[in-house]
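Visitor: The structure under discussion is supplied below as structure tokens; questions concerning it will follow.
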Amino acid sequence: MAQVEKEAIENIEISALKAQIMAKLSSDDMAGATITFLREDILPYKEVLKYFLYEVKESYKTHPLHASFSYKVFEKQDAPDKLKDLIEESEETAVRNKENQDNLFKKKYLVYSFSYNDEDYVTIVSSYTYAFDILDRSLFLLLHNVVGRNIENIEYMVALTKEN
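Residue numbering for the sequence shown is 0 to 163, as defined by numbering that gives the first Met the number 0.
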């Protein structure tokens, strides 16, 4: 098999894995996992988000990606100064991969800015070895939207049951 064919197959496998992760994030199982964080009628957004981020991180470690990354969630004003430009560049999702892929001392970043309950936050995902792409960007956008939707739905159901 030619190198081009191998690379094409690998790209398809990677895209399929990311699609599976997106489907898992949107599943009833993950909505069910969200409810386990319920504390006295409140769901702590950052806790739920970090759980989902951990699930994605573990999925990325599997074949064919074998990728590792770290993540942190900050209140926007507490984000690292060295990333302020990248954060301001995009109020949605920004990807910054290093130009020299052989330089193991520079990180690649995926940054997502978002608001929740009138607070501004930023999720910073970084890796020394994995180059983020447009599918990663879509996946992390979906992740944040799913967390917010799940929390809203559960809090709404709790409010309805309290009224009765």
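Here a beta-carbon is modelled for each residue, glycine too, at the ideal position from N, C-alpha and C.
All values reported here derive from a predicted model rather than from experimental measurement.
Taking the alpha helix (DSSP H) that residue 86 falls in, what are its first and last residues?
Guide: Unbroken alpha helix (DSSP H) run through residue 86: 83-88.
Visitor: What residue does the beta strand (DSSP E) around residue 137 start on, and which one ends it?
Guide: Premise fails: residue 137 lies in the alpha helix (DSSP H), 133-162, not in any beta strand (DSSP E).
Visitor: Could you check which residue in 155, 55, 129 has the C-alpha nearest to that of residue 142?
Guide: Residue 55 is the option with its Cα nearest to residue 142.
Visitor: When the distance is taken between beta carbons, is residue 48 closer than 7 Å to residue 72?
Guide: Against a cut-off of 7 Å, the Cβ pair of residue 48 and residue 72 comes out as a contact.
Visitor: How should residue 159 be labelled, buried or exposed, when 16 other C-beta atoms within 10 angstroms of its C-beta is the threshold for buried?
Guide: It is exposed - the Cβ of residue 159 has fewer than 16 other Cβ atoms within 10 Å.
Visitor: Would residue 34 and residue 153 qualify as a contact pair, given that the criterion is a beta-carbon distance under 7 Å?
Guide: Yes. Within cutoff.
Visitor: Applying the criterion that 16 or more other CB atoms from any shown protein chain within 10 Å of the CB defines a buried residue, is residue 78 buried or exposed?
Guide: By the 10 Å Cβ count, residue 78 comes out buried.
Visitor: If I measure Cβ to Cβ from residue 76 and keep anything under 8 Å in the same chain, skipping five residues before and after, which residues do I get?
Guide: The residues are 119.
Visitor: Confirm, please, whether the CB-CB distance from residue 29 to residue 138 is below 7 Å.
Guide: Taking 7 Å as the Cβ cut-off, residue 138 and residue 29 do not qualify as a contacting pair.
Visitor: Just confirm the distance between the C-beta atoms of residue 121 and residue 86, as a whole number of angstroms; I'd bet it's less than 8 Å.
Guide: Indeed, because the Cβ distance is near 5 Å, the residues count as touching under 8 Å.
Visitor: Give the straight-line distance between the Cα atoms of residue 25 and residue 140, rounded to the nearest whole angstrom.
Guide: One C-alpha to the other measures close to 12 Å.
Visitor: Assign residue 45 to one of three DSSP states: helix, strand, or coil.
Guide: In the structure shown, residue 45 sits in a helix (DSSP, three-state: H, G or I).
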